[in-house]
Amino acid sequence: MRLLLWRAAFLGAALAAWEVIARPLNPVLYVAPSSVPGAVLRLLSQPDLPPLAEHLGITLRTIAAAYALAVVVGLGLGFVMGFWPLLAQAYEPIIAGLYAVPSVVWYPSLMLLFGLGPASKVAFGFLLGFFPVVLAVLAGMQQTDRHLVTVARSMGASRWAIYWKVMLPAMAGTLASGLRSGLALSTVGVLAGELLGSRAGVGFLINHVYNLLRTPEYVALAVLVAAVVLVIDVAAGRIEARAKQWSG
Amino acid sequence: MERVTVRVLQGATLAAIGLVWEAASRGGLLDPLFVPPPSAVAAALGPVAALALPRLGETLLKTLAGYAIAVGVGVGLGLVLGAARTPREVVMPYVTALYSLPKILLVPWVVLLLGVRPQAAVLGGALFAVFPILVQVVGGVRDVEPILLTMARAMGTTRWQLYGKVIVPAALPAILASMRVGAVFAFVGVLLTEMFAGIRGMGFLMHQLALAFNAPFLFAATAMISVFSVATVLWLAHWNRRLGAWR
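In the order they appear, the protein sequences are chains X and A.
The numbering used here numbers the first residue of the first sequence as 30 and each following residue consecutively.
The numbering used here numbers the first residue of the second sequence as 403 and each following residue consecutively.
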């Protein structure tokens, strides 16, 4: 309880300090916290700005599409490679190597291939989210205790039963971590793509107000997006913790 | 035997992708304007190298500067926060929150503040790298065996000795791991800031090539930077192991 008070006090002090520093300075460069609520209201009410809810919706749908693709392809390829260890041995190093490449270097190529529309954002979000998912499946399958599988097989369990009853529970924690990282990275991918050039979405909106030098609105949007991302991440963290508990 | 099979499989897959791509692009299945055949990309490697290597050099210098800032702040603050329980518990939730936020949201502000200049890319790189470093160093210092600290204090060590002889050596693997991860983040931050703001460097060059629909050059540049990145990561991992062995 005291800790919570200290934390709140720290946040309050940080905001107050920033307010004092920013007040006398150029408001285009330094946005005082007190001017953010007004900017939020202007974002919601001013007709000269593109509608916020619509663009936020577009971004969330793009993230959902990118993440869904990443999960389906990641789980699919991961399980196929898990079935045939030879494939995993051959392709896991290639996938891990590609994962080591800083992801931004792919984006210009995706922009060229898929244009400035949502397709390039879905592709980038997919690419970023895919790697942690597929690598988590592989790691999870490799970490499953071989003895458990042998015991289950000797008791006459079918291949599917082994997958569902033995391997999945054993790897649930690892898998959930991978799925969570994948979601975070798909989100980053879509947002980065939108900020680097787009015609719709929250990133487009940020660029729009930013180019008008309406910095308080930009800060308000950044805080809003940050809050949405945090909520998603905390929810994913809860699910991950539960999966780890279940997996034991 | 299995090793050979794996190598053959890897080689055959890469060759097959290359051949199918080449055929599809030449045969008109893929528009060569967007997806040039690998042979055209390979032919572009030479001219691109002349164009891109100086830009890559500039980007790496900025990365180095941003990385140095991030290591200084991240490791320094991490050592202090990791060892001080109450401040750590007060501040860390905010650090973790910032760590998990997409740093690209801050890039426009950085550019506004510092202008379309290399300094903005440096700060962008530092911002991307500082949080992963800080979080890992704090974790590493926090997890130093308490008994080591108690023993050292009981023997009357000063604060500096405690850091130099106990905390830093014990947390070294975490510090080195954080610095390795941080290098990649700094590179990403610099590239993204260059792309966003149009600051001269490798990121902006690739962005320009994409907007100019110069697919062979862009793919060749992407291949170059990918090979370079993977080589760097492997090299860093190698050094990490050697430094870890010193302990």
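Just so you know, even glycine gets a beta-carbon here, dropped at the ideal spot from N, CA and C.
Distance, His-609 of chain A Cα to Glu-83 of chain X Cα
The count along the first sequence starts at 1 and reaches residue 83 of chain X at position 54. The count along the second sequence starts at 1 and reaches residue 609 of chain A at position 207. Answer to the nearest angstrom: the Cα atoms are 28 Å apart.
Taking the alpha helix (DSSP H) that Arg-31 of chain X belongs to, which residues open and close that run?
Translated into the one-based positions of the first sequence, residue 31 of chain X becomes position 2. 31 to 51 is the extent of the alpha helix (DSSP H) around Arg-31 of chain X.
Specify the secondary structure class of Thr-407 of chain A as computed by DSSP and reduced to three states.
Here the question's residue 407 of chain A lines up with position 5 in the second sequence. DSSP places Thr-407 of chain A in helix when its eight states are reduced to three.
Ser-551 of chain A and Leu-259 of chain X: beta carbons closer than 8 Å?
As a first step, residue 551 of chain A is located in the second sequence; it is residue number 149 there, counting from the start. As a first step, residue 259 of chain X is located in the first sequence; it is residue number 230 there, counting from the start. Looking at the sequence provided, one finds Leu at residue 551 of chain A rather than Ser. No, the Cβ-Cβ distance between Leu-551 of chain A and Leu-259 of chain X is not below 8 Å.
For Thr-595 of chain A and chain X, any beta-carbon pair shorter than 8 Å?
On the second sequence, position 193 is the one that residue 595 of chain A refers to. Taking Cβ atoms only, chain X never reaches closer than 8 Å to Thr-595 of chain A, which makes this a no.
Find the nearest neighbour of Lys-273 of chain X within the set X:Val-49, X:Pro-245, X:Leu-89 and X:Ala-201, judged by alpha-carbon distance.
As a working note, residue 273 of chain X is residue 244 in the first sequence. Here the closest residue by C-alpha is X:Ala-201.
Tell me, please, whether the CB atom of Thr-244 of chain X is closer than 8 Å to any CB atom in chain A?
Position 215 of the first sequence holds residue 244 of chain X. It does: the Cβ of Thr-244 of chain X has a partner Cβ on chain A nearer than 8 Å.
Environment of Phe-606 of chain A [buried if 16+ CB atoms lie within 10 Å]:
The residue labelled residue 606 of chain A in the question sits at position 204 within the second sequence. Phe-606 of chain A is buried by the Cβ-count criterion.
Counting only beta-carbon separations shorter than 8 Å, does Ala-451 of chain A have a partner in chain X?
Translated into the one-based positions of the second sequence, residue 451 of chain A becomes position 49. With 8 Å as the cut-off, Ala-451 of chain A does not count as an interface residue toward chain X.
Roughly how many angstroms separate the alpha carbons of Val-238 of chain X and Leu-594 of chain A, rounded to a whole number?
Looking up residue 238 of chain X in the first sequence gives position 209. Looking up residue 594 of chain A in the second sequence gives position 192. Distance between the alpha carbons of Val-238 of chain X and Leu-594 of chain A: 20 Å.
Please return the same chain residues whose Cβ sits closer than 7 Å to the Cβ of Phe-436 of chain A, not counting the five positions on each side in sequence.
For the purposes of this step, residue 436 of chain A is taken as residue 34 along the second sequence, with counting starting at 1. Correct list, in chain order: Ala-617.
Contact list for Pro-495 of chain A against chain X, beta-carbon separation under 7 Å:
Here residue 495 of chain A refers to the residue found at position 93 of the second sequence. Under the 7 Å cutoff, chain X gives Arg-36.
For a minimum of 4 consecutive residues, which ranges assigned as the alpha helix (DSSP H) are wholly contained in the segment 189 to 263 of chain X?
197 to 224 and 231 to 240
Would you decide whether Pro-80 of chain X is buried or exposed? Buried here means 16 or more other CB atoms lie within 10 Å of its CB.
In the first sequence, the residue the question calls residue 80 of chain X occupies position 51. The residue in question, Pro-80 of chain X, is exposed, as its Cβ has fewer than 16 Cβ neighbours within 10 Å.
So does the segment 107 to 125 of chain X actually touch the segment 223 to 239 of chain X, counting three or more Cβ pairs closer than 8 Å?
no
Ala-61 of chain X - containing alpha helix (DSSP H), residue span:
Walking along the first sequence from the start, residue 61 of chain X turns up at place 32. Counting along the chain, Ala-61 of chain X falls outside any alpha helix (DSSP H), and DSSP gives it neither H nor E.
If you follow the alpha helix (DSSP H) that Gly-154 of chain X is part of, which residue opens it and which one closes it?
Taking the first sequence and counting its residues from 1, one reaches residue 154 of chain X at position 125. First-last of the alpha helix (DSSP H) with Gly-154 of chain X: 147 to 172.
Check the Cβ of Gln-412 of chain A against every Cβ in chain X and list those closer than 7 Å, keeping chain order.
Residue numbering aside, residue 412 of chain A sits at position 10 when the second sequence is read from its first letter. Ala-119 and Ile-123, listed in chain order.
Residues near Arg-490 of chain A by beta carbon distance below 8 Å, same chain, minus five either side:
Here residue 490 of chain A is taken as the residue at index 88 of the second sequence, counted from 1. Closer than 8 Å at Cβ, skipping near neighbours: Leu-483, Gly-484, Val-540 and Arg-544.
Considering Cα atoms alone, identify which of A:Leu-525, A:Leu-453 and A:Phe-621 is closest to Lys-464 of chain A.
Counted from its first residue, the second sequence places residue 464 of chain A at position 62. It is A:Leu-525 whose Cα lies nearest to the Cα of Lys-464 of chain A.
Measure the CB-CB distance between Ala-42 of chain X and Val-219 of chain X and report whether it falls below 8 Å.
Within the first sequence, the letter at position 13 stands for residue 42 of chain X. Within the first sequence, the letter at position 190 stands for residue 219 of chain X. No.
Under 8 Å (Cβ pairs) to chain X, residues found in the segment 614 to 631 of chain A
Phe-615, Ala-617, Leu-620, Phe-621, Thr-624, Ile-627, Ser-628 and Ser-631
Would you kindly report the start and end of the unbroken alpha helix (DSSP H) that includes Arg-519 of chain A?
By 1-based counting over the second sequence, the position of residue 519 of chain A is 117. Run containing Arg-519 of chain A: none; DSSP gives neither H nor E here.
Under 8 Å between C-beta atoms of Ala-68 of chain X and Glu-223 of chain X:
Start at 1 with the first residue of the first sequence, and residue 68 of chain X comes out as number 39. Start at 1 with the first residue of the first sequence, and residue 223 of chain X comes out as number 194. Cβ atoms of Ala-68 of chain X and Glu-223 of chain X: not closer than 8 Å.
Applying the criterion that 16 or more other CB atoms from any shown protein chain within 10 Å of the CB defines a buried residue, is Tyr-496 of chain A buried or exposed?
Locating residue 496 of chain A in the second sequence gives position 94, counting from the first residue. Burial call: exposed.
CB contact below 8 Å: Leu-514 of chain A versus chain X
For the purposes of this step, residue 514 of chain A is taken as the residue at position 112 of the second sequence. Yes, because at least one Cβ of chain X sits closer than 8 Å to the Cβ of Leu-514 of chain A.
Residue ranges of each alpha helix (DSSP H) run of no fewer than 4 residues wholly in the segment 470 to 503 of chain A, ordered along the chain?
487 to 502
For Glu-491 of chain A, go through chain X and note every residue whose CB falls closer than 7 Å to its CB, in chain order.
Here residue 491 of chain A corresponds to residue number 89 of the second sequence, with the count starting at 1. Result: Leu-32.
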